[in-house]
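Student: With positions in the sequence shown counted from 1, the corresponding number in the numbering used here is that position plus 13. Where is the CB? At the ideal position from N, CA and C, for every residue including glycine. Source: prediction; values computed, not measured.
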Amino acid sequence: EKLGVLLFNRTKRNVALTRAGLYFQKEIEQLLNQFDFVVRQTEKFHTGKAGEVRIGYTHSAMQSFLPGLIRHLNAIYPDLRIVLHESNNTRQQAALRNREIDFGFSTNPDPDEAFRSQVMQRENFVLVVPENHPLDEASFCGLAGLRDEKFIMPPKEEGPMYVGTLESMFVREGFLPRVVYETPFASTSIGLVRNGIGLTVEPLSSIRGYNGVRSVELRDIPEKVEIVMLWLPAVEDAFPDITRSVRTYRCA
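1. Can you tell me whether DSSP reads SER266 as helix, strand or coil?
2. Taking the alpha-carbon positions, what's the LEU30 to ILE41 distance?
3. Are VAL229 and VAL139 close, meaning C-beta to C-beta below 8 angstroms?
4. To the nearest angstrom, how far is it from the Cα of ARG260 to the Cα of GLU249?
5. Name the residue from LEU217, VAL142, GLU113, PRO197 whose alpha carbon lies nearest to the alpha carbon of GLU65.
6. Within this structure, are the beta carbons of VAL141 and ILE220 separated by less than 8 angstroms?
7. What residue does the alpha helix (DSSP H) around SER202 start on, and which one ends it?
8. Run through the DSSP bridge pairs and tell me what VAL141 is partnered with.
9. Please go through the same chain and pick out, in chain order, the residues whose beta-carbon is closer than 7 angstroms to the beta-carbon of ILE95, but skip the five residues on each side of it.
10. Report yes if the C-beta distance between GLU136 and VAL206 is below 8 angstroms; otherwise report no.
11. Rounded to whole angstroms, what is the Cα-Cα separation between LEU97 and PHE198?
12. Beta carbon of TYR70, beta carbon of PHE118: below 8 angstroms?
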């Protein structure tokens, strides 16, 4: 009644949201999340507590610099509680908008002007093959020779920019990889390679600590892995010192 619109279609047996109701529900959830965030931060400023920081990350961030960054933050802010959420690029950006996380570390994320960003690490991609595969660093002559190979790749909805970057390195050689299995998880992808299901392409840092596979570093292609820190301006206002500590950690 206050809005002057119909939010629900009611029948004797059920109640369903109208188009206006679906829109209102989606938008009001974001506003309530933002309100809760502001209330929590205001309380922390009032009490002087270090509080809590929620960090989203992809597999390659955890396999590379993120553990060192967490140790760095713990040393500076011993009372700070750090909550970690592993997720893909698409879900990270949604979680940032909804204030479910404060900082995200994404791999080749899609550009979005709503976020501030900083490249934290840049590295090469690697081709991952089973340990008994005949291909190695010495015999590798480029991706063009892999037309007949089977590949394991992430689904595009998990991160369109990241998947597009992977595809572009094959398109330049005149073909798209023959994908036999899709998974958003690097650990699953590497496990499938180990068991001879196919080959995959991963960030260099993602394969650290895995047995049963070998890798060929793709040094001579223009596509590179970029792990990017994303955050909203309001979060930087709430955590100015922490944001500064994270950014200077990679610059040190």
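Tutor: Let me spell this out:
1. Because residue 266 is not part of the residues shown, which for the chain are 14 to 265, the question remains open.
2. One-based indexing of the sequence shown puts residue 30 at position 17. One-based indexing of the sequence shown puts residue 41 at position 28. Using only the alpha carbons, I get a separation of about 14 angstroms.
3. Numbered from its first residue, the sequence shown carries residue 229 at position 216. Numbered from its first residue, the sequence shown carries residue 139 at position 126. A contact, by the Cβ cut-off of 8 angstroms.
4. Here residue 260 refers to the residue found at position 247 of the sequence shown. Here residue 249 refers to the residue found at position 236 of the sequence shown. C-alpha separation (whole angstroms): 11 angstroms.
5. Indexing the sequence shown from 1 puts residue 65 at position 52. Nearest option by C-alpha distance: GLU113.
6. Here the question's residue 141 lines up with position 128 in the sequence shown. Here the question's residue 220 lines up with position 207 in the sequence shown. Taking 8 angstroms as the Cβ cut-off, VAL141 and ILE220 qualify as a contacting pair.
7. In the sequence shown, counting from the first residue as 1, residue 202 sits at position 189. Per DSSP, SER202 belongs to the alpha helix (DSSP H) from 199–207.
8. Looking up residue 141 in the sequence shown gives position 128. Looking at the DSSP assignment, VAL141 forms a beta bridge with THR213, SER228.
9. Start at 1 with the first residue of the sequence shown, and residue 95 comes out as number 82. Counting only Cβ-Cβ distances below 7 angstroms, and skipping sequence neighbours, we find VAL66, ILE68, ILE83, LEU86.
10. For this step, residue 136 is matched to residue 123 along the sequence shown. For this step, residue 206 is matched to residue 193 along the sequence shown. No, the Cβ-Cβ distance between GLU136 and VAL206 is not below 8 angstroms.
11. As a first step, residue 97 must be located in the sequence shown, where it is residue number 84. As a first step, residue 198 must be located in the sequence shown, where it is residue number 185. Taking the straight line from one Cα to the other gives about 16 angstroms.
12. Position 57 of the sequence shown holds residue 70. Position 105 of the sequence shown holds residue 118. Yes, these two residues count as a Cβ contact at 8 angstroms.
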